[in-house]
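A short worksheet on the structure shown next.
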Amino acid sequence: MTDLVLTPNIESADDFYAELLAAHEGLSKDESDAFNARLVLVLANHVGDRDVLSDALKAASGKG
Amino acid sequence: MFDDRYTLAYKRYPYKKSADQDAAAPVRHPVVVMGGGPIGVATALDLGRQGIPTLVLDDHEGVGMGSRAICFAKRCLEIAGRYGCGKPMVDKGVVWNLGKVFHKDDQVFEFNLLPEEGHEYPAFINMQQPYYESFQLDRFEELQKDGAPIEIRGKNRVDSVEVHDDHVTLQIMTPDGPYTLEADWLIGCDGASSPLRTMLDLDFTGKVFQDSFLIADIKMKNDDFPTERWFWFEPTHGSGASTLLHKQPDDVWRVDFQIGWDVDRKEEMKEENIRRRLDAFLGEAVEYDMVWSSIYTFQCKRMDNFRHGRVFFAGDAAHQVSPFGARGANSGMQDVDNLGWKLGMVMRGEAPESLLDTYNMERIHGADENILNSTRSTDFITPKSEMSRILRDAVLDLSEKHEFARPLVNSGRLSVPCTYDGSPLNSADALDGPARSRPGSVCPDVPMGDGYLLSELGDTFTLLTIDADAPDEIEESGVKVTRLALSTKDDKTGALKERYLGDTESAVYLIRPDQHVAARRPNFDDNLIRAAIRRAIGKE
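Those sequence lines, one after another, are chains A and B.
Every letter in the first sequence is one number past the one before it in the numbering used here, and letter 59, counting from 1, is 953.
Every letter in the second sequence is one number past the one before it in the numbering used here, and letter 368, counting from 1, is 457.
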């Protein structure tokens, strides 16, 4: 299995971040929260690997 | 009649009455530059070195007070280097590599910029703007002594202009009253609030950011403060919503406090109030003297066109960005670098007037890139919506532990020159070489013997050959192109191969007078290189 990648891995990180902000533009807070939830699920499905997902949950909680 | 808009740091060109003021008919000058700031004076250096008579008009008599643009990036220094005043700037400037990022008082991470080796000039220097301007004016006077036909007139304020098909008429006010001049070409380098732009009623559109920043330059009384850049997101010590600290020469430190939009400027500018912020931020134990302070707001705007017939705009007059990323003066210098050789060739009859439209194209491309980058930094530093703030804080939280989030932390991206991708002056890339030196790019520097490659390039067209044959000189459409022959055998550091060849064995580069690549291919081909030269001067 592969380990959770926690080193820089996004090409043109500034472009990505700008696109992420743009996706939220014009949404209410509720809509933005819902958007983020959907995004998490889409990305999690892409990752697939259960161990990696568990590690990602730990990293996000600050315990990883 | 002649109120100074600002105090001078150095009086450099006191008003002297010119014979033009008593002339019976308006005297015609080939080039008049409006504004004696860094961009206006650089324009005179560029054109003066080509022997083109250039007259700079400034409504003051020297260099304005205040550190203002304090970060000069490598490309700006390379351009100043081509003009002959880059070295004293580097000697005076402060170089820092270590940066620290704080969030709510805790250090989140630190970074070392580790600039790439093998360049004559550092990635950037910190230096008060008056020094930068003084070094350019020293060079200006040196060129004048060597016979360059350049002149700067203090307390010459342009009050109105009339643009004709083949010249511009200017009404100028002086302490001795008004006079009239004519110019074949007029270049407006008269700053962000450009009176020229207003006189011509031209658009300047974009975004105003609703925030103000308080700058305080302070001189430390003890010198054990480190030469590092510290950036605080939301410090809790009450000094500002974000705070930036970095060093300038003479033991002076720049502190930038983000203080919000609805502020009482007069109140905030009181020394006791500035000291209150500084003390909260530095701690009571640190002793300092105040050197200079100012409050500024900013906007990201540009003109729709940088050329209007016989009139050009350059620097802040043409485009304005947020200060994050040091893209103001640095991009203005690239405007000058771009316009200088084109105007020179058109004035000498070597290139069609349409070449001047590519100044507009290429520099608008540059301005848009700078506005995009500085807007992104601004959005990260001052999030505009709740979700934007949540995401920003998430990036900062994660960056403390996880390296992956650090590239997303954006407190200003280092100013790098833009690549003129898609410029009509470029020939199609015919070399399977490194992307960084593709047509449109500025040539990366390379160590060469005791010196550096860039000092051998520029001013004229150059044919750079690397392990490839070519004639020593080519003349095409009246333009002389000289060859600079290099070999990887002398490439001790491997930088030449890495930056210009990649996996290929040989290369021929056609390089413009502003050190940008116009064309490249693996070997010399007379027809194709001649076509590339014609293309690069707007003849194809």
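Glycine included, C-beta positions come from ideal geometry on N, C-alpha and C.
Note that the structure is a prediction, hence the values are computed from the model and not measured.
For F469 of chain B, the uninterrupted alpha helix (DSSP H) segment begins and ends at D446 to I470.
For C165 of chain B, the uninterrupted alpha helix (DSSP H) run begins and ends at K163 to Y172, by DSSP.
Going by beta carbons, T467 of chain B and F298 of chain B fall inside the 8 Å limit.
Contact of K923 of chain A with chain B is assigned, a C-beta pair being separated by under 8 Å.
Between N903 of chain A and chain B, the shortest Cβ-Cβ separation is below 8 Å. Shown here, F493 of chain B sits in a helix according to DSSP, grouped into three states. When the beta-carbon positions are compared, G414 of chain B and R495 of chain B stay at least 8 Å from each other. Here Y102 of chain B is buried: its Cβ has 16 or more other Cβ atoms, across all protein chains shown, within 10 Å.
Not one beta carbon of chain B lies nearer than 8 Å to the beta carbon of S955 of chain A. Under the 10 Å beta carbon count, E206 of chain B is surrounded by fewer than 16 other beta carbons and is classified as exposed. At a cut-off of 8 Å between C-beta atoms, P496 of chain B counts as an interface residue with respect to chain A. Sequence-distant partners of L553 of chain B (beyond 5 residues in either direction) whose C-beta falls short of 6 Å from its own C-beta, in its chain, are L573, Y598 and I600. Against chain B, the CB of H918 of chain A has a partner CB under 8 Å away; the residue lies at that interface. Taking a Cβ-Cβ threshold of 8 Å, the residues of chain A close to S477 of chain B are L915 and H918, in chain order. No Cβ of chain A is located within less than 8 Å of the beta carbon of F413 of chain B. By the neighbour-count criterion, in which a residue is buried when 16 or more other Cβ atoms sit within 10 angstroms of its Cβ, A557 of chain B is buried. For E565 of chain B, the secondary structure class from DSSP, reduced to helix, strand or coil, is strand.
Only residues of its own chain outside the window of five on either side were considered, and among them T508, H605 and V606 have a CB closer than 7 Å to the CB of S530 of chain B, listed in chain order.
Selection A:D897, A:A907, A:L900 and A:V941 evaluated against L497 of chain B yields A:A907 as nearest (Cα-Cα). When 8 Å is used as the limit between beta carbons, L951 of chain A is near no residue of chain B, the shortest such separation being about 13 Å. In this chain, the beta strand (DSSP E) harbouring W274 of chain B covers G266 to G277. According to the DSSP assignment, D195 of chain B belongs to the beta strand (DSSP E) that extends over D195 to N201. In the DSSP assignment, D424 of chain B falls outside any beta strand (DSSP E) and lies within the alpha helix (DSSP H) extending over A418 to M436. Residue-level contact check: S948 of chain A does not touch chain B, since none of the beta carbons of chain B fall below 8 Å from its beta carbon. The C-alpha of M154 of chain B is placed about 41 Å away from the C-alpha of P441 of chain B. Around the Cβ of D313 of chain B, a 10 Å sphere holds fewer than 16 other Cβ atoms; the residue is exposed. By the beta-carbon neighbour count (other beta carbons within 10 angstroms, threshold 16), Q196 of chain B is exposed. In the three-state reduction of the DSSP assignment, M392 of chain B falls in the coil class. Taking a cut-off of 8 Å for Cβ pairs, the region 277-293 of chain B and the region 304-311 of chain B do not touch, as fewer than three such pairs fall below it. B:R364 is the residue among B:R364, B:G295 and B:L97 whose C-alpha sits nearest the C-alpha of E376 of chain B. In summary, G129 of chain B is buried, with 16 or more beta-carbon neighbours lying within 10 Å of its beta-carbon over all protein chains present. Here the alpha carbons of W274 of chain B and D254 of chain B stand approximately 11 Å from one another.
Closest in alpha carbon position to S411 of chain B, among B:G538, B:R391 and B:R396, is B:R391. Sequence-distant partners of L617 of chain B (beyond 5 residues in either direction) whose C-beta falls short of 7 Å from its own C-beta, in its chain, are R610. The beta carbons of F346 of chain B and R318 of chain B sit no closer together than 8 Å.
Chain order gives the chain B residues near L900 of chain A as H491, E492 and F493, where near means a beta carbon separation below 7 Å.
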